[in-house]
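Numbering (UniProt numbering), first residue to last: 1 to 313. Glycine residues also receive a C-beta, built at the ideal position from the N, C-alpha and C atoms. Given the structure is predicted, the values throughout are model-derived calculations rather than measurements. Everything on this sheet refers to the single structure shown next.
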Amino acid sequence: MSAAAALPTPSPAAPSPGRPRRRDLRQNWLGYVFLSPAALLFVLFIGGPFLVAIALSLYSWDLLTPPEFVGLENFTTLLQDPVLIQAFANTFLFAFASVLTHVVGALLLALAVNALASRVVSYLVRTAVFFPFIISWAAVALLWQYMLDPGFGVITHYIDRIGLTPPDWFLDPAWALPAIIGIDFWHTLGFTFIIMLAGLQTVPKQLIEAAQTDGAGRRQVFWHVTVPMMSPTLFFAMVVTFIGAFQIFDPIQIITGGGPDDATLTLVMYLYEQGFQSFRIGYASAVAFLVFVVIMAVTLLQFWGARKWVHQQ
Numbered sequence: 001m002s003a004a005a006a007l008p009t010p011s012p013a014a015p016s017p018g019r020p021r022r023r024d025l026r027q028n029w030l031g032y033v034f035l036s037p038a039a040l041l042f043v044l045f046i047g048g049p050f051l052v053a054i055a056l057s058l059y060s061w062d063l064l065t066p067p068e069f070v071g072l073e074n075f076t077t078l079l080q081d082p083v084l085i086q087a088f089a090n091t092f093l094f095a096f097a098s099v100l101t102h103v104v105g106a107l108l109l110a111l112a113v114n115a116l117a118s119r120v121v122s123y124l125v126r127t128a129v130f131f132p133f134i135i136s137w138a139a140v141a142l143l144w145q146y147m148l149d150p151g152f153g154v155i156t157h158y159i160d161r162i163g164l165t166p167p168d169w170f171l172d173p174a175w176a177l178p179a180i181i182g183i184d185f186w187h188t189l190g191f192t193f194i195i196m197l198a199g200l201q202t203v204p205k206q207l208i209e210a211a212q213t214d215g216a217g218r219r220q221v222f223w224h225v226t227v228p229m230m231s232p233t234l235f236f237a238m239v240v241t242f243i244g245a246f247q248i249f250d251p252i253q254i255i256t257g258g259g260p261d262d263a264t265l266t267l268v269m270y271l272y273e274q275g276f277q278s279f280r281i282g283y284a285s286a287v288a289f290l291v292f293v294v295i296m297a298v299t300l301l302q303f304w305g306a307r308k309w310v311h312q313q
């Protein structure tokens with residue numbers, strides 16, 4: 001045996017983990033080309049403004065004079081602002097009520113529509129439920145202002161006919177936020193309903209038939225087959241509804257403007273007031289950063305909790 005044959009053959013250097021090899025880049029260049037417009041838009045309209053907002057939160061700026069660096073003063077002021085605490089409580093209450101009513105209401109409605117024997121009736125109900133979602137918030141706000149008007153509103157009229165005293169919905173602090181929650185439920189239920197209906201139709205019929213063959217009743221089939229199989233859909237609806245509810249702005253701005261007595265003031269409305277009415281850009285940026293942190297924290301908490309109840313197929 002020669003000396004050269006006795007020497008071990010050097011193995012090629014292994015690529016370091018986490019670093020794409022040049023060959024992979026050459027093979028996937030077309031994918032990166034298609035991805036680049038979305039990445040560019042993300043940097044321009046989401047990543048860039050996010051970094052600018054974080055930087056502005058460290059300044060005091062009224063748009064007229066040069067910005068003044070104040071460090072964390074805006075954030076310390078946030079913790080002592082009673083109006084912000086009120087807006088925070090209103091936003092959480094609205095988001096919690098929205099998630100609860102939308103997910104439960106849409107699921108029950110989807111179960112009822114999915115059980116309809118007539119296709120024509122089923123399609124009519126789907127259209128009727130989804131139709132309010134395509135109406136602009138401005139039109140929805142004007143419609144419900146008319147229907148709940150204490151003088152000539154249709155709903156107020158029928159409440160009076162059954163012997164009850166109708167509240168002054170948008171001027172009573174105790175009824176203003178529940179009225180907004182109800183209007184939002186009417187307007188956006190169709191979106192969650194379509195998601196639920198799509199998820200419901202993906203439940204394998206073989207599983208339902210097998211459970212029924214084993215003697216399971218409707219309630220047992222629902223809790224032990226339908227709900228587990230729809231858990232990814234339920235989780236998605238919860239996350240999307242919470243994020244959307246936490247950013248609610250249009251109906252409240254049009255109907256109540258945050259009143260009465262800040263009873264319907266939300267974090268996004270407070271951000272708008274501080275930034276574009278009081279011209280406290282630095283403080284508004286701090287509020288925006290707080291909104292981001294809260295949404296991110298709750299969403300991560302939902303993903304953490306999802307490991308215990310979301311069924312992964």
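Whole-Å CB distance - residue i paired with residue j, under 8 Å assumed
i, j, result
"Trp137", "Asp250", "4 Å"
"Phe133", "Phe222", "Not confirmed; about 26 Å, so no contact."
"Phe88", "Leu267", "6 Å"
"Leu109", "Phe193", "5 Å"
Neighbourhood of residue i by C-beta, 7 Å cutoff - its chain only, sequence neighbours within 5 removed
i, result
"Tyr59", "Pro67, Glu68, Phe69, Val70, Gly282"
"Gln253", "Met269"
"Asn74", "Ser57, Gly282, Tyr283, Ala286"
"Ala179", "Leu148, Trp169, Phe170"
"Ser11", "Note that Ser11 scores a pLDDT of 49, beneath 50, so its modelled location is shaky; the value from the coordinates is reported in the next line. Here the set comprises nothing."
"Ala306", "Phe235"
"Phe242", "Ala95, Val99, Val298"
Alpha carbon of residue i to alpha carbon of residue j, nearest angstrom
i, j, result
"Leu64", "Val227", "56 Å"
"Gln206", "Arg218", "15 Å"
"Val294", "Asn90", "14 Å"
"Ser57", "Gly258", "23 Å"
"Ser118", "Leu111", "14 Å"
"Ala106", "Phe130", "11 Å"
"Ser98", "Trp304", "21 Å"
"Tyr158", "Trp309", "43 Å"
"Val240", "Trp144", "25 Å"
"Val104", "Ala141", "24 Å"
"Ala139", "Tyr32", "42 Å"
"Trp29", "Pro49", "28 Å"
Chain-order list of residues whose beta-carbon lies under 6 Å from that of residue i (same chain, five-residue window excluded)
i, result
"Trp175", "Pro167, Trp169"
"Val113", "Ser122, Val125"
"Gln27", "none"
Beta-carbon proximity list for residue i, same chain, < 8 Å, skipping 5 on both sides
i, result
"Leu271", "Ala284, Val287, Ala288, Val291"
"Ile54", "Ser285, Phe289"
Among the options, the one whose alpha carbon lies nearest that of residue i
i, options, result
"Gln312", "Asp262, Phe279, Met229", "Met229"
"Thr188", "Pro173, Ala139, Val203, His102", "His102"
"Val225", "Gln274, Val203, Glu273", "Val203"
"Gln86", "Ala263, Phe279, Phe276", "Ala263"
"Ala237", "Leu84, Leu100, Leu30, Leu40", "Leu100"
"Gln277", "Gly151, Asp62, Ser36", "Asp62"
Using 8 Å as the threshold, is the region 79-93 in touch with the region 217-236, meaning 3 or more CB pairs across them? no
Counting pairs of Cβ atoms below 8 Å between the region 178-190 and the region 87-105, do you hit three or more? yes
Three Cβ pairs or more, each shorter than 8 Å: is that satisfied between the region 238-246 and the region 199-216? no
May I ask you to verify whether the region 108-128 touches the region 187-204, counting CB pairs closer than 8 Å and requiring at least 3? yes
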